[in-house]
Structure formats: C-alpha cells, structure tokens
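Number of protein chains: 4
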Amino acid sequence: MTVGFIGLGNMGAAIAGRLLQGGHDLVVWNRSPAAADRLAAERGVRRAASPAETLQGDLAFSMLADDAAVEATLVGSGALAAAAKGLVHVNCATVSVTLSERLEAMHQALGLAYVAAPVLGRPDAAAAGQLHVLAAGEAAALARARPLLELVGQRVWAVGDHAPMANVVKLACNFALAATIETLGEAGALAKAHGVEPQTLYEVMTGSLFASPAYRVYAGLIGEQRFEPAGFRMPLGLKDVRLALEAGEARHAPLPIASLLRDHFLAAIARGDAEKDWSAVAMTAFRNAGL
Amino acid sequence: MTVGFIGLGNMGAAIAGRLLQGGHDLVVWNRSPAAADRLAAERGVRRAASPAETLQGDLAFSMLADDAAVEATLVGSGALAAAAKGLVHVNCATVSVTLSERLEAMHQALGLAYVAAPVLGRPDAAAAGQLHVLAAGEAAALARARPLLELVGQRVWAVGDHAPMANVVKLACNFALAATIETLGEAGALAKAHGVEPQTLYEVMTGSLFASPAYRVYAGLIGEQRFEPAGFRMPLGLKDVRLALEAGEARHAPLPIASLLRDHFLAAIARGDAEKDWSAVAMTAFRNAGL
Amino acid sequence: MTVGFIGLGNMGAAIAGRLLQGGHDLVVWNRSPAAADRLAAERGVRRAASPAETLQGDLAFSMLADDAAVEATLVGSGALAAAAKGLVHVNCATVSVTLSERLEAMHQALGLAYVAAPVLGRPDAAAAGQLHVLAAGEAAALARARPLLELVGQRVWAVGDHAPMANVVKLACNFALAATIETLGEAGALAKAHGVEPQTLYEVMTGSLFASPAYRVYAGLIGEQRFEPAGFRMPLGLKDVRLALEAGEARHAPLPIASLLRDHFLAAIARGDAEKDWSAVAMTAFRNAGL
Amino acid sequence: MTVGFIGLGNMGAAIAGRLLQGGHDLVVWNRSPAAADRLAAERGVRRAASPAETLQGDLAFSMLADDAAVEATLVGSGALAAAAKGLVHVNCATVSVTLSERLEAMHQALGLAYVAAPVLGRPDAAAAGQLHVLAAGEAAALARARPLLELVGQRVWAVGDHAPMANVVKLACNFALAATIETLGEAGALAKAHGVEPQTLYEVMTGSLFASPAYRVYAGLIGEQRFEPAGFRMPLGLKDVRLALEAGEARHAPLPIASLLRDHFLAAIARGDAEKDWSAVAMTAFRNAGL
Chain A
1 MTVGFIGLGN MGAAIAGRLL QGGHDLVVWN RSPAAADRLA AERGVRRAAS PAETLQGDLA
61 FSMLADDAAV EATLVGSGAL AAAAKGLVHV NCATVSVTLS ERLEAMHQAL GLAYVAAPVL
121 GRPDAAAAGQ LHVLAAGEAA ALARARPLLE LVGQRVWAVG DHAPMANVVK LACNFALAAT
181 IETLGEAGAL AKAHGVEPQT LYEVMTGSLF ASPAYRVYAG LIGEQRFEPA GFRMPLGLKD
241 VRLALEAGEA RHAPLPIASL LRDHFLAAIA RGDAEKDWSA VAMTAFRNAG L
Chain B
1 MTVGFIGLGN MGAAIAGRLL QGGHDLVVWN RSPAAADRLA AERGVRRAAS PAETLQGDLA
61 FSMLADDAAV EATLVGSGAL AAAAKGLVHV NCATVSVTLS ERLEAMHQAL GLAYVAAPVL
121 GRPDAAAAGQ LHVLAAGEAA ALARARPLLE LVGQRVWAVG DHAPMANVVK LACNFALAAT
181 IETLGEAGAL AKAHGVEPQT LYEVMTGSLF ASPAYRVYAG LIGEQRFEPA GFRMPLGLKD
241 VRLALEAGEA RHAPLPIASL LRDHFLAAIA RGDAEKDWSA VAMTAFRNAG L
Chain C
1 MTVGFIGLGN MGAAIAGRLL QGGHDLVVWN RSPAAADRLA AERGVRRAAS PAETLQGDLA
61 FSMLADDAAV EATLVGSGAL AAAAKGLVHV NCATVSVTLS ERLEAMHQAL GLAYVAAPVL
121 GRPDAAAAGQ LHVLAAGEAA ALARARPLLE LVGQRVWAVG DHAPMANVVK LACNFALAAT
181 IETLGEAGAL AKAHGVEPQT LYEVMTGSLF ASPAYRVYAG LIGEQRFEPA GFRMPLGLKD
241 VRLALEAGEA RHAPLPIASL LRDHFLAAIA RGDAEKDWSA VAMTAFRNAG L
Chain D
1 MTVGFIGLGN MGAAIAGRLL QGGHDLVVWN RSPAAADRLA AERGVRRAAS PAETLQGDLA
61 FSMLADDAAV EATLVGSGAL AAAAKGLVHV NCATVSVTLS ERLEAMHQAL GLAYVAAPVL
121 GRPDAAAAGQ LHVLAAGEAA ALARARPLLE LVGQRVWAVG DHAPMANVVK LACNFALAAT
181 IETLGEAGAL AKAHGVEPQT LYEVMTGSLF ASPAYRVYAG LIGEQRFEPA GFRMPLGLKD
241 VRLALEAGEA RHAPLPIASL LRDHFLAAIA RGDAEKDWSA VAMTAFRNAG L
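Residue numbers (this note's numbering), protein chains in the order written: chain A, 1 to 291; chain B, 1 to 291; chain C, 1 to 291; chain D, 1 to 291.
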C-alpha cells in the first residue's frame with residue numbers, strides 16, 4: 001500500500017523504516033527537507049511537496065513533535081482540509097487530549113477517519129518493531145491501521161473507540177513513569193541517608209517486587225547518575241506531566257503526584273538541568289536531603 | 001540446630017514451619033499460648049515458659065508485630081538481658097530504624113549478635129520459601145543466620161553490615177509499594193475521567209513497562225476494587241509510611257510522596273476504610289475526581 | 001476628561017460610577033447592551049457603537065472578565081488597531097501575565113500606552129472608592145492614569161514600570177488569599193478534631209496575630225459555612241490559582257501550595273461545589289478528616 | 001499569693017517577672033541553677049531545692065522547653081506525685097496534645113487541677129504583659145489562674161474546658177504562622193521571578209488585605225533576609241509543625257500544608273540552616289526557582 005508519512009524525526013524515521021520493511025511505499029514530508037531527502041535517496045521513497053500531498057491516499061501516518069507542530073502542519077497549512085475523503089489518518093504523536101478531541105471532530109466533519117496511536121518505547125525499539133502501540137479510534141479505521149501498526153509494535157493495544165482515549169492512556173503511562181522516577185529518588189535518598197547505597201536498594205527492588213522494564217531502566221540511570229546524553233529531555237518530561245494535569249483538570253480530576261512532579265521538574269530546570277534526561281528529577285530528593 | 005522462636009502470628013508461624021521442614025528443632029514462645037500449643041502438638045516443638053528461654057541457644061528468631069511488641073517481649077521482659085552470650089538474634093519484624101539502632105547497640109553491649117531480616121512477601125510466600133529476605137548485620141552473624149534464612153526466602157539480600165540498614169531497605173520498599181498504589185489510583189482516575197476503564201489502562205501498564213509483581217498485584221486489587229478481606233490493613237500501611245517518614249526525618253531527608261501518602265491514608269481511615277486493604281487508598285484519587 | 005470605558009459587569013459598573021462621580025464623561029461599551037443602556041439612561045453617558053469607539057480619546061479603561069474576553073473585545077475586534085495614537089489604556093482586569101506581556105508589546109507597536117491596574121476588593125469597595133489598585137506601566141502613562149485610579153482606590157500602589165508586574169502582584173495576592181482559605185480550613189479541622197469549635201480558633205487568630213481583613217473575611221465565611229451566594233465563585237478561584245501557576249511556570253518558579261490548592265479546587269468542583277464561594281475549598285480539610 | 005514557678009528560660013523568666021510585678025511571691029526552680037540564683041538575688045524570690053517544693057502551695061506555673069523536659073521535671077522526678085492536693089498547675093509550655101491529655105488525666109487522678117496556658121508572642125511581649133494567652137481547663141481552676149494570666153497577657157482566651165484544647169489552639173496558630181511564612185516565600189518568589197521586588201509585593205500585602213502582625217513580622221524578616229540571630233530556631237519550627245501533624249494524625253485529620261512545611265523544614269535543615277530563624281524556610285521557594 002502507498003502510505004503518506006509526515007514527520008521524520010528520530011521516532012518518525014524509525015517508524016517509517018518499519019513500514020518500508022513491511023513492503024509499503026511511502027510518500028513523505030518533513031519540515032526540514034534534509035531528512036526527507038535522505039530517506040528518498042536511501043530508500044527510494046517519494047517526497048511530497050506539501051503535507052497535503054501525503055494525505056491523498058487511503059492511509060497516512062503523522063509523527064510530529066507537539067501540539068503546535070500538529071496544528072501548524074496539518075491544520076494551519078490547510079492539509080487536512082485538502083485530504084482525500086475516506087483517508088485514515090494515524091497520529092502517533094503524544095499530543096494533548098484537547099487537541100486530539102478537536103482533531104477527531106475535524107476529521108469527522110471532513111469525512112476523514114482519525115486514529116490516535118501514540119507509542120511507548122524509544123526509537124531503537126521502534127526500529128526493531130518492539131514498541132507498545134496504544135491505539136484508539138473508530139473500529140473500522142483501527143482495523144485498517146492495525147496491520148501497519150503491528151509492524152512497529154510488539155503489541156498493539158486497542159484502548160477505545162475514540163481517538164483521545166489513546167492519548168489519555170499514553171499520558172497516564174508517562175505520568176506513571178515520572179512517578180516511578182520520583183519514587184526511586186525518594187527511596188534512594190532515604191537509603192543513602194542511612195548509609196545504604198541507592199544501587200543496593202535498587203537491586204533489591206528490581207530483583208523482587210519491582211522487576212519491570214520501567215524500574216530497571218530508571219533505577220539504572222539514577223543509580224549511576226547517567227543523565228547525559230538525555231534519552232528524553234527534562235522539558236519534555238515537564239510537558240507530558242503538564243498534559244496529564246491539563247487532561248485531569250478538563251474533567252476535574254486532581255493528580256497530586258503529578259502536581260508534585262511538575263514542581264520538581266520546574267525546580268530541576270531552574271537549577272540548570274534542562275539538558276539532562278528527565279530521570280535527573282530524581283536527584284531533587286537527594287539534594288533536598290543534603291546528599 | 002535448636003533454634004529459639006518468638007512470635008507465631010501468621011508470618012511467624014509460616015517461617016517457623018520452614019525452619020522445621022529444614023530439619024531444625026525449635027523452642028517457641030508466643031504471647032497468646034494457643035499458637036504455641038498448636039505447634040507443639042502438631043510438630044512436636046518445645047514450648048518455652050518465657051521469652052528468655054528461647055534465647056539460651058546459638059540462634060533465635062523473632063517475628064513480632066511492631067516496635068511496642070518487640071520492646072515489651074524482648075526488652076521489658078528482661079529476656080534479652082538474660083540471653084546466652086554469643087547468641088545470634090534474627091529479627092524478621094518490620095520495626096522502626098530507631099528501634100533497630102537501639103537494639104543493635106543493646107545486643108552489642110550484652111555480647112549478643114543482632115541481625116535484622118525483614119521480609120518482602122505474604123505468609124503464603126513464606127510457607128513456600130519464596131520470600132525475599134532483606135538481611136543486615138555484622139558479617140559473621142549474618143553468615144550463621146544465612147542457611148536458615150535461605151529456607152524461607154527465594155533470595156536472601158545482604159544489604160549492609162549494620163542491622164538498621166535492612167530496616168531502611170524494607171521501609172523504602174514498602175514506601176515504593178504505597179507509591180505504586182497511589183500512582184495506579186491517580187492514573188486510573190485520569191483514565192476513567194476520560195471514559196477509559198482503569199482495567200484497560202492497567203492491562204497496558206502491566207503488559208508493557210510495568211510488568212512487575214507489585215504492579216500486577218495492586219492493579220488487580222484496584223481494578224476490581226477487591227479490598228476485603230484485607231491482605232494488609234490500612235492502619236498498617238499508614239504505620240509503615242510513618243516509619244519511612246520518621247527514618248527520613250532522623251536524617252533530614254524529606255519524602256514528599258510519603259507525606260502525601262500519609263495524608264491519603266489518614267483521609268481513608270477517617271472516612272471509615274480502616275478495615276480495608278491498604279490498596280483502597282487508591283480510591284482517594286477516584287473519589288476526589290467525583291468518580 | 002472624556003474617558004472610554006469597556007466592560008460594565010459588577011466591578012466595571014462600580015468603577016465607571018466612581019469616574020462619573022469624579023466629574024468625568026464616559027463613552028461606554030459593553031458586550032450585552034443592557035448594562036450600557038442603563039448607564040446611558042441613568043447617568044447620561046454616551047454609548048459607543050463598538051469597542052473601537054471608546055478608544056478614540058486620551059484615556060480608556062477596560063474591565064473584562066478574562067483573557068478570552070480581552071482578546072475578543074480588544075484584539076479580535078480590531079479595536080486596538082483602530083485606537084487613537086497616544087491613548088493611555090488602563091486595563092483593570094485580572095488577566096494572565098502572558099497576555100499582559102503581549103498586550104504591552106502590541107500597545108507599544110501601535111503607539112499606545114498600556115497600564116495594568118488590577119484591583120483588590122469587591123464591587124462594593126469599588127463603589128465606595130475603597131479598592132486597592134495595583135498599577136504598573138510606563139511612568140508617564142501611569143501618571144496620567146493615577147488621578148482616575150485614585151477615584152476608585154483608597155490607595156494606588158505603583159508596583160513597576162512594566163504592566164505585567166501589576167498582574168503578577170495581583171496573582172500573588174490572590175494566591176495568598178487562597179492559601180489563607182486553605183490554612184484556615186486545615187487549622188479549623190485540626191481544632192474541630194480535638195473538640196475546639198473552629199470559630200473559637202478563628203476568634204483567637206483574628207484577634208491576635210492574624211488580625212487582617214483577609215483573615216477576618218474568610219474566617220467569618222468558613223466559620224459560619226456561609227458559601228452561598230458566592231462572592232467569588234469556585235471556578236474563578238481555580239482560574240486565578242492556575243494563572244499563578246502558569247506565571248510561575250513561565251519563569252520556572254514552583255509554587256507547591258498553589259499546586260495543592262489547584263488539586264483542592266478541582267476536588268471541590270468535582271463534588272459539586274462549583275456554584276459556591278471559593279472559600280468553600282476550606283471544607284476539603286474538614287471532609288478529609290471525617291468531620 | 002505565693003506561686004510556684006518552674007522553668008526560667010527567656011520566656012519563663014519574663015512571665016515570672018510579670019507575676020512579681022503583680023505583687024506575688026514566687027518559689028522558683030530551674031534545671032540550671034544560675035537563672036534561679038539570679039532571680040533570687042535580684043528579686044528576692046525563694047529558691048526551691050526541688051521541683052516538688054514549688055508544688056506545695058495553691059498555684060504553680062511551669063514553662064519548660066518541650067515534652068521531654070516536662071516529663072523529666074514533673075513526672076520522672078516524682079514532683080507531681082508529691083504535690084499538695086488541690087494545687088492548680090498552669091503549664092505555659094507548647095507541648096504535644098498527647099502529653100497534655102496524659103497530664104490532665106494524671107492531675108485528676110492525683111487530686112490536682114491542670115490548666116494549659118500556652119502563649120503567643122515572644123519574651124519581650126511577655127515582659128510587657130502583651131502576650132496572648134490561650135487557656136483551657138476545668139472552669140474553677142481556670143478562674144483561679146486567670147488573674148495571674150492577665151498579668152502576662154494583653155488578653156486571656158479561654159478556649160475550652162479540657163486542657164489539651166489550649167494546646168491544639170496553640171499548635172494551630174503556630175501552623176498558621178508557618179503557612180504564612182511559606183505563602184510569603186512562594187508569593188515573593190513568583191514576584192521576583194517576574195522582576196518585582198518581594199518587598200514591593202509585601203508592602204502591598206501588609207498595607208491592604210494582610211495587614212496583621214503575623215504578616216508584617218514575617219514579611220519584614222523575609223524581605224530583608226534577616227534570619228540571624230534567630231528569634232525562633234528552625235528545629236523548633238519543625239518540632240511545632242510535627243506536633244500539629246501528630247495531633248492531626250491522632251484524630252485522622254490530614255494537614256497537607258503542614259506536610260509540605262515539614263518537608264521544607266527538613267530540606268532547610270539538611271542544607272545547613274538549622275541555626276537560622278524558622279522564617280528562612282521561605283527561602284526554599286526562591287531557591288527552587290533559581291533565584
């Protein structure tokens with residue numbers, strides 16, 4: 001199938017690569033043309049002259065950085081309004097629930113189908129087809145997108161029949177990751193304050209009750225204080241916590257750990273840690289204990 | 001070996017059973033005599049007339065409910081002062097770091113060895129020898145206790161050469177469990193507020209990044225709101241969070257998530273949930289969102 | 001002087017009344033025409049056919065509900081772009097710091113002067129000329145606005161030479177009011193839990209260390225649980241706390257009490273208290289204690 | 001009247017001085033004899049050889065540092081058990097609610113009357129008779145103590161017929177002071193982050209809605225960062241917040257601002273501010289904003 005593809009950042013490029021490996025043809029667009037040029041040269045994909053051109057087939061993916069990029073590229077540019085009727089648009093970006101709600105309504109009004117499919121995992125997991133894909137949208141559209149999503153995910157989780165539900169699940173997972181980081185920070189500071197190396201505690205935790213990828217990855221980073229280069233920069237962590245808080249606020253759901261995390265991300269950025277991995281927010285607990 | 005054993009509650013009895021299965025003889029004491037009588041009748045163990053009588057050999061275990069029970073049974077009764085020189089005392093109870101520090105000093109002054117060996121897991125795991133044992137104390141004493149601890153634990157984690165270090169690790173783990181409960185509560189409330197069943201979210205979490213025993217157990221309980229009968233009652237959860245906070249305070253280590261948990265446990269007990277499992281504290285997040 | 005005036009809600013009408021009493025002529029505009037008609041009929045002021053028409057003189061006031069109303073009425077309508085060069089525009093509304101920054105820049109680009117002059121106090125204080133006016137802006141503009149501001153305020157506080165500084169001061173004061181409400185709630189719940197009537201505590205507080213208008217007003221409302229009719233509705237309280245948090249976030253300043261307040265406002269609204277006075281957020285503390 | 005007096009620290013000596021000025025004779029005891037010697041020499045008071053000797057008349061005051069000092073001096077020493085039947089004991093110290101409950105029961109069992117009368121204000125206010133006295137206890141005992149309490153207080157607030165009620169009110173007031181300090185810190189940090197001097201904000205606040213002694217005193221200290229010499233040291237602030245939290249916990253009343261304050265006091269002490277005035281806890285907000 002020929003699939004439109006917008007957004008060739010690290011994650012977008014990895015997903016696009018999986019679709020190509022799966023035998024699909026791509027017509028791609030990227031804000032900065034270099035990435036699209038490279039993919040065109042290396043993999044023979046067709047370059048689109050505009051975002052709209054990627055939306056003329058049956059199915060298109062987009063993987064843009066944030067709400068503003070989605071607004072500008074798909075709405076502001078007029079691309080969506082010019083899309084082929086019946087198109088299934090699969091948006092893999094982590095965007096706000098509010099934007100997802102608006103996009104779903106716009107697609108419906110334009111005779112398009114909208115699937116939200118944010119992912120859990122980093123670009124290398126995407127390149128290996130090992131992401132977890134959180135997908136939601138109208139059932140028929142989801143069914144059409146699924147074979148392609150299965151190329152990038154070890155598992156595709158269908159979490160609802162409205163696209164924003166996938167965004168909520170993604171934000172809830174990222175919130176839980178941030179809570180994990182803070183929990184490891186506080187537990188580690190408590191240990192260290194009493195002469196126990198945080199890594200000793202983390203080995204116990206990840207070798208017993210907390211033997212999960214999330215705890216292993218972040219216990220490793222925090223235990224070794226390996227925060228640079230950042231896998232996920234501090235301001236992106238703050239952004240996702242803010243999106244969770246806003247999604248909560250829209251339905252009057254307070255999230256006190258998220259409130260606390262927001263404050264800690266701000267303090268971390270204020271003291272100059274903006275370029276570090278978001279897991280460096282765990283150092284707040286150590287620092288506040290004078291450790 | 002003949003091993004003294006004090007405290008035959010659910011967990012104590014399970015641990016005692018493992019020591020018997022391992023071929024050891026026990027001399028046991030319990031505050032309410034029924035449990036000791038039963039073990040004497042069924043398993044032929046010797047009943048001690050006083051706590052002191054269990055402390056006359058080379059090695060003794062104690063598994064008492066809390067700081068007060070330990071103080072009364074071992075210190076107030078004069079048992080410790082009357083113990084055989086050279087005794088290795090293995091305390092499996094979850095007690096405060098402060099009490100553990102005092103006990104370590106008292107043992108040393110009396111020519112006794114003190115090993116703290118609190119455990120992770122419930123009585124059925126103990127009966128199956130599947131606990132995680134968190135052990136700390138002077139190396140020689142720990143070495144003598146280890147073969148017996150391996151009868152109850154799938155793994156014995158040596159976390160330090162001072163007994164209180166094991167108590168710190170235990171409190172840090174229980175704090176992390178409580179943080180997990182609250183995180184699941186907030187994430188679930190966010191999901192539900194947007195029409196996603198909490199169980200859908202929890203399946204994604206425990207099937208991907210959070211595939212650990214802790215998350216599986218508590219996501220199950222919270223997802224099904226299965227809080228009675230309690231595996232671990234609310235006031236015990238509050239107590240352990242308080243012990244973590246006190247251990248932090250003793251070294252000027254603030255633990256903001258623990259502070260928040262303390263407040264939520266109090267509110268849960270105030271609204272009448274004292275008899276429920278501590279995982280019911282997750283319902284705070286749902287209730288505060290009007291769900 | 002002939003003064004333009006936009007926004008005749010309760011507070012706007014009270015301020016307009018003071019300017020009239022001070023001998024000024026007004027040319028007024030209001031979204032719903034009834035209020036403007038009434039003022040025209042009763043006080044002989046001139047009604048403007050558009051917001052732009054109020055901005056053709058030397059000085060104009062606006063008192064609109066929120067950011068969106070300011071955007072729509074002054075920017076979206078083209079009014080500001082059509083204003084007379086040299087106009088001093090005095091904005092008394094509580095708006096976001098971000099909007100105030102944008103408005104200041106827009107005014108400058110258009111050859112207009114922008115003074116932010118949010119007020120502390122309720123409409124009856126305005127009608128009596130007893131507000132506290134928090135004013136900021138370029139010195140010459142502020143000097144021209146001051147005689148008029150002194151008609152509505154018992155005191156005009158010049159807090160800076162950039163308009164947004166007045167908005168920051170206003171948000172900081174409203175944050176401190178909200179913190180006062182929460183403090184009274186928690187202190188009152190502690191008292192009541194031990195058999196002391198909250199009002200007894202509040203009498204001590206407001207009769208000794210806390211003898212200020214803020215504590216007297218809110219201790220009165222909370223002590224008598226007199227939350228309806230609302231003087232300042234719950235969602236407005238939430239909005240102002242959110243504006244404080246956003247202003248903090250823009251400069252990486254965490255405000256943990258504001259985070260906590262946001263969560264409590266959300267919970268209060270979720271349980272159905274949206275129509276009550278924002279001081280009803282103090283009941284959270286009583287409710288969480290089972291009182 | 002001859003009045004017993006135990007505890008001649010700064011505050012105790014000031015209160016004793018007022019009683020002397022009021023024409024009463026004192027029989028005094030102090031742990032370190034120097035203070036008692038001085039008072040004996042300067043004012044001709046009688047020195048008691050033991051705490052018990054001060055408790056042989058109709059009325060005695062005590063003003064000791066904390067729970068431990070009260071326990072040791074009055075209970076552990078056997079003084080209370082040896083007191084004259086019918087004695088009215090007025091305890092001005094800020095002690096825990098739990099201790100006050102126990103003391104009330106002990107006095108009753110011994111045929112003594114117990115009045116709790118903690119005070120608001122510093123030693124110089126005591127010397128001028130300008131304290132606020134928070135008094136509680138059985139009515140007849142309170143009536144007998146009142147004339148003496150009026151010598152030290154500009155006002156004596158009778159807050160209940162059980163002594164611990166006065167301790168609750170005192171802890172609630174100190175909690176509110178600590179909340180005021182944190183509120184001023186956060187509001188000041190928000191202002192400063194946007195270019196407004198905290199002192200400008202504080203002038204507005206204390207000149208309008210927050211014109212109370214508490215806000216004036218602490219806005220002054222924080223605005224000038226005048227934290228040394230300490231009027232009330234950081235660890236004492238932490239202690240009082242902890243006592244408020246414990247009093248809340250005893251009745252299942254969560255106090256989230258107090259939890260937050262506890263964490264901030266710990267962090268302040270951890271970074272080396274233990275010798276500073278407790279108002280220095282406000283600097284946390286500035287520091288966390290990178291200011």
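For glycine and all other residues, C-beta sits at the position ideal for the given N, C-alpha and C.
Our contact map puts residue i next to residue j with C-beta atoms below 8 Å; I'd like the distance itself, whole angstroms only.
{"i": "ASP67(A)", "j": "SER32(A)", "result": "With 8 Å as the limit, ASP67(A) and SER32(A) do not qualify as a contact, their Cβ atoms being about 19 Å apart."}
{"i": "GLY160(A)", "j": "ALA136(A)", "result": "4 Å"}
{"i": "ALA244(B)", "j": "ALA163(B)", "result": "No, ALA244(B) and ALA163(B) are not in contact; Cβ-Cβ is about 17 Å, not under 8 Å."}
{"i": "ALA127(D)", "j": "CYS92(D)", "result": "Actually they do not touch by this definition, with Cβ atoms about 14 Å apart."}
{"i": "ALA191(A)", "j": "PHE286(A)", "result": "Wrong, their Cβ atoms sit about 10 Å apart, outside the cutoff."}
{"i": "GLY220(C)", "j": "VAL281(C)", "result": "At roughly 16 Å, the Cβ-Cβ gap does not stay under 8 Å, so GLY220(C) and VAL281(C) are not in contact."}
Identify whether residue i lies in helix, strand or coil by the three-state DSSP scheme.
{"i": "ASN91(B)", "result": "strand"}
{"i": "ARG271(B)", "result": "coil"}
{"i": "GLN154(C)", "result": "strand"}
{"i": "ASP66(D)", "result": "coil"}
{"i": "GLY12(D)", "result": "helix"}
{"i": "ASP25(C)", "result": "strand"}
{"i": "ARG226(A)", "result": "coil"}
{"i": "LEU134(B)", "result": "strand"}
{"i": "ASP277(A)", "result": "strand"}
{"i": "ARG242(D)", "result": "helix"}
{"i": "LEU112(C)", "result": "coil"}
{"i": "VAL97(C)", "result": "helix"}
{"i": "LEU59(A)", "result": "strand"}
{"i": "ARG46(D)", "result": "strand"}
{"i": "GLY237(A)", "result": "helix"}
Give me the residue from the options with the minimum Cα distance to residue i.
{"i": "LEU80(C)", "options": "SER212(C), LEU112(C) and MET63(C)", "result": "LEU112(C)"}
{"i": "GLU186(A)", "options": "LEU177(B), ALA191(B) and ALA52(B)", "result": "LEU177(B)"}
{"i": "GLY121(B)", "options": "HIS162(B), GLY4(B) and ALA14(B)", "result": "ALA14(B)"}
{"i": "THR200(D)", "options": "ALA60(D), LEU184(D), PRO147(D) and ALA125(D)", "result": "LEU184(D)"}
{"i": "VAL45(C)", "options": "ARG242(C), SER77(C), ILE6(C) and ASN10(C)", "result": "ILE6(C)"}
{"i": "GLU228(A)", "options": "VAL28(A), PHE286(A), GLY237(A) and SER279(A)", "result": "SER279(A)"}
{"i": "GLN130(A)", "options": "ALA139(A), ARG146(A), LEU110(A) and GLY153(A)", "result": "GLY153(A)"}
{"i": "PRO235(D)", "options": "ARG47(D), ASP277(D), ASN10(D) and GLU104(D)", "result": "ASP277(D)"}
{"i": "ILE269(C)", "options": "ARG226(C), LYS239(C), GLY17(C) and GLU246(C)", "result": "LYS239(C)"}
Do you know offhand how far residue i's Cα is from residue j's?
{"i": "ALA289(D)", "j": "ALA179(D)", "result": "19 Å"}
{"i": "TYR202(C)", "j": "ILE181(A)", "result": "41 Å"}
{"i": "ASP58(B)", "j": "GLY248(B)", "result": "34 Å"}
{"i": "GLN108(C)", "j": "TYR114(C)", "result": "8 Å"}
{"i": "VAL88(D)", "j": "THR2(B)", "result": "59 Å"}
{"i": "ASN174(D)", "j": "GLY207(C)", "result": "15 Å"}
{"i": "ALA253(D)", "j": "MET283(C)", "result": "12 Å"}
{"i": "ASP263(D)", "j": "VAL217(C)", "result": "30 Å"}
{"i": "ARG146(B)", "j": "VAL156(B)", "result": "7 Å"}
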